[in-house]
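Asks:
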Amino acid sequence: MRNKESGSNKTNISGKVKSKTFQITLLLSKMAVAYTVLVLFFAVFVAGFILLVMAAINFHFFNSEIPPGVNQPVKLRIIHIILISTAVVGRILENIGICSQVSFLRYVQGRKTPGVDPKLFIKDLWFEKVPVRIYQPKVPSASQRRGVMFFHGGGWVFGSLETHEKLCRWIARESESVVVSVGYRLAPEHKYPAAYEDCLNATIHFMNNVEHYGVDPARIITCGDSAGGNLAAAVSQTLAGRSDLPKLRAQILIYPGLQALDFNLPSYQQNQGVPLLFRERAAFYVLQYLNGDASNVEEVLEGSHIPLDIKLNYMKWVSPDNIPEKFKVRGYKPHVLLDCTTEVYETVKRFCEPSLCPLLAEDAVVHQLPESFILTCEYDVLRDDGLLYKKRLEDNGVPVTWYHLEDGFHGVINSFNSDLLSFSSGKRGLDNIVNFLKSL
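Okay, so the sequence shown: first residue is 1 according to full-length UniProt numbering, each after it adds one.
1) In angstroms with no decimal places, state the Cα-to-Cα distance between F59 and K311.
2) Below 8 Å on the Cβ atoms is my contact criterion, and I expect A56 with I81 to pass it. Report the Cβ-Cβ distance as a whole number of Å.
3) Which class does A233 belong to by DSSP, given the choice of helix, strand or coil?
4) May I ask you to report which of helix, strand or coil DSSP gives E174?
5) What three-state label does DSSP hand D244 in the structure shown?
6) Straight-line CA distance for A364 to S243?
7) Using a Cβ-Cβ distance under 8 Å, would D380 count as near chain B?
8) Checking the sheet assignment: what are the DSSP bridge partners for L405?
9) Work out the CA separation of V39 and F150 for me, nearest whole Å.
10) DSSP state of R145, grouped into three classes?
11) Can you say whether E299 is buried or exposed, counting buried as having 16 or more other CB atoms within 10 angstroms of its CB?
12) In whole angstroms, what is the alpha-carbon distance linking V180 and R133?
13) Using the three-state DSSP reduction, which class does P320 fall into: helix, strand or coil?
14) Smallest Cα separation from Y184: which of I252, Y196 and R173?
15) Excluding the 5 residues preceding and the 5 following D124 in the sequence, name in chain order all residues of the same chain whose CB lies nearer than 6 Å to its CB.
16) Residues in its own chain within less than 6 Å of V108 by CB, not counting five upstream and five downstream?
17) How big is the Cα-Cα spacing for E162 and T113?
18) Give every residue of the same chain whose Cβ lies closer than 6 Å to the Cβ of T203, excluding the five residues on either side of it in the sequence, and list them in chain order.
19) Let me know the secondary structure DSSP gives Y255 once reduced to three states.
20) Rounded to whole angstroms, how far is the Cβ of C357 from the Cβ of Q259, which I believe are closer than 8 Å?
21) Could you name each continuous alpha helix (DSSP H) segment of 4 residues or more that falls completely within the segment 47-94, going from the start of the chain to the end?
22) Going along the chain, which residues of its own chain have a beta-carbon closer than 8 Å to the beta-carbon of A34, five neighbours each way excluded?
23) So the candidates are Q251, G273, K166 and H190; which of them puts its Cα closest to the Cα of L287?
24) According to DSSP, is I134 helix, strand or coil?
25) Starting from the N-terminal side, write out each stretch of the alpha helix (DSSP H) that is 4 residues or longer and does not extend beyond the segment 341-403.
26) Do G426 and F436 count as a contact pair if the criterion is CB distance below 8 Å?
27) What's the gap between the Cα of L28 and the Cα of K20?
28) List the residues that DSSP assigns as beta-bridge partners of I220.
29) Let me confirm a value: D407 is counted as buried when at least 16 other C-beta atoms fall within 10 Å, else exposed. Which label applies?
30) Would N396 and V366 be called neighbours here (beta carbons separated by less than 8 Å)?
31) In three-state DSSP terms, what is A32?
32) Going by alpha carbons, who is nearest to residue 442 out of L239, L186 and I254?
33) Does the distance from the C-beta atom of H404 to that of V348 stay below 8 Å?
34) Going by alpha carbons, who is nearest to T221 out of F62, E371, P354 and I122?
35) Mind checking whether L440 and R219 have CB atoms under 8 Å apart?
36) Using C-beta distances below 7 Å, list every residue in its chain close to L308, excluding the 5 sequence neighbours before and after it, in chain order.
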């Protein structure tokens, strides 16, 4: 009996050992499979990343041009390749149904927010139905401060309170001004005139409530970069004729886009492939703002979207003849005027409205505008929009301070303090903006 029990125990122990060994072997096998899958996934990810970067580099070198005079060209190439790579990832995510490319790019651009600023009070509020962020210097002031209404750039499609956070903080700190950054509605979800109306309503609300922010009602300034410069110009024109509100002290337009009649002006030809704004993208963005649809971009680029009689009427203001000759020496050829079909014109006829294209405002309006600061960049498709508006303002007796970055490109101001990817030209431009503010 004892031998049988002993044999049975040995059999049970042996069975348990074998079972345990099998479980361990199975676990190790699963771990090996998981490890292999992880390694393969990592290898695929790395390979995909390398292919993505190589494709972005290839696109950059075949589709863009960085002239010799551009400030710190290697940095500009790196930024452009990063932007291309991000756009490609966004397109992939859109194709597989995770999110739209626009949503992904907005998320990536606005994900970084600086921490507490020891020199500023920063608060998010709503002006009417418009989100705003207010930056107020903590240092006491013996008198009321300037108030700066800031409208961010981004082609009316991108940009947010977050993307221009560092810029607004800098302006508020260095000029000791109260800065109100406006989070207006974006295209293509919200078409024209949504962005313009938001900026106008926020500005009027601020003007009617300046006493709450320690701001002098006689020292309110509109300011914006790129599409934000367009909005600042449009808001300034609308308020110029308002007798029920304080008069604006000044407007600051940073490489603004001010017209959509002629995309063949010298700067559009010369800089059509210069990052960070291609000629085709400039037309694409304004169409997105207008209609939420860029299907007529080719007609807009070639100039067959506006009837000849209307073009000829506006040539007194929108013409290469009004651009100084020194800006035409670099790769410019006069463009033949083209007529357009009624169907195309019907889709873009609001391009002739000054609240969308401020360069087309009547002299009676321009004459009433406040002192102006205009910043332009040599290697920017929008350069000539700024030059043409400068001439219109001066012709109507408006004092203009013009600062031209000979080595600048579109978007350089917003890269003034981007750590390793900062640009000295952007800092120069921003310093001039701050100095202009201090003079007001």
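We put the beta carbon where it would ideally sit given N, CA and C, even for glycine.
Replies: Once the coordinates are examined:
1) Rounded to whole angstroms, the gap between the alpha carbons of F59 and K311 is 35 Å.
2) Indeed, because the Cβ distance is near 5 Å, the residues count as touching under 8 Å.
3) DSSP, read as helix, strand or coil, puts A233 in helix.
4) Here E174 sits in helix by DSSP.
5) Taken through DSSP and simplified to helix, strand or coil, D244 comes out as coil.
6) Taking the straight line joining both Cα atoms gives about 15 Å.
7) Absent from the structure is chain B; it holds one protein chain and no more.
8) Note: L405 sits in a beta bridge opposite C377.
9) Our two residues, F150 and V39, have alpha carbons roughly 49 Å apart in a direct line.
10) Correct three-state label for R145: strand.
11) Under a 10 Å Cβ-count criterion, E299 is classified as buried, with 16 or more other Cβ atoms of the shown protein chains found around its own Cβ.
12) Counting only the Cα atoms, R133 lies some 6 Å from V180.
13) Three-state result, P320: helix.
14) The alpha carbon of Y184 has as its nearest neighbour, out of I252, Y196 and R173, the alpha carbon of Y196.
15) Cβ neighbours of D124 within its own chain (closer than 6 Å, five residues either side excluded): R133.
16) Beyond the five residues adjoining it in sequence on each side, V108 comes within less than 6 Å, by CB distance, of T86 in the same chain, given in chain order.
17) The alpha-carbon atoms of E162 and T113 are separated by roughly 6 Å.
18) Taking T203 as the centre and dropping the five residues before and after it, the same chain places the C-beta of M149 and V235 closer than 6 Å to its C-beta, in chain order.
19) Three-state result, Y255: coil.
20) Contact between C357 and Q259 holds, since their C-beta atoms are separated by about 5 Å, short of 8 Å.
21) If only complete runs of 4 or more residues are kept, the segment 47-94 shows no alpha helix (DSSP H) anywhere.
22) Counting only Cβ-Cβ distances below 8 Å, and skipping sequence neighbours, we find nothing.
23) For the residues Q251, G273, K166 and H190, the minimum Cα distance to L287 belongs to H190.
24) Strand at I134.
25) Within the segment 341-403, the complete alpha helix (DSSP H) runs of at least 4 residues are 342-348, 363-366 and 383-395.
26) Their beta carbons are not under 8 Å apart, which means F436 does not touch G426 by this criterion.
27) Cα to Cα, the separation comes out at about 12 Å.
28) According to DSSP, which records beta bridges pairwise, I220 is partnered with G147.
29) Looking at its Cβ environment, which holds 16 or more other Cβ atoms inside 10 Å, D407 is buried.
30) Contact flag set, yes.
31) In the structure shown, A32 sits in a helix (DSSP, three-state: H, G or I).
32) Outside the shown range of the chain, which is 1 to 440, sits residue 442, and nothing can be said about it.
33) No. Outside cutoff.
34) The identity of residue 221 in the sequence shown is Ile, whereas the question assumes Thr. Comparing Cα-Cα distances from I221 to each of F62, E371, P354 and I122, the minimum goes to E371.
35) Yes, the Cβ-Cβ distance between L440 and R219 is below 8 Å.
36) The residues are L337 and D339.
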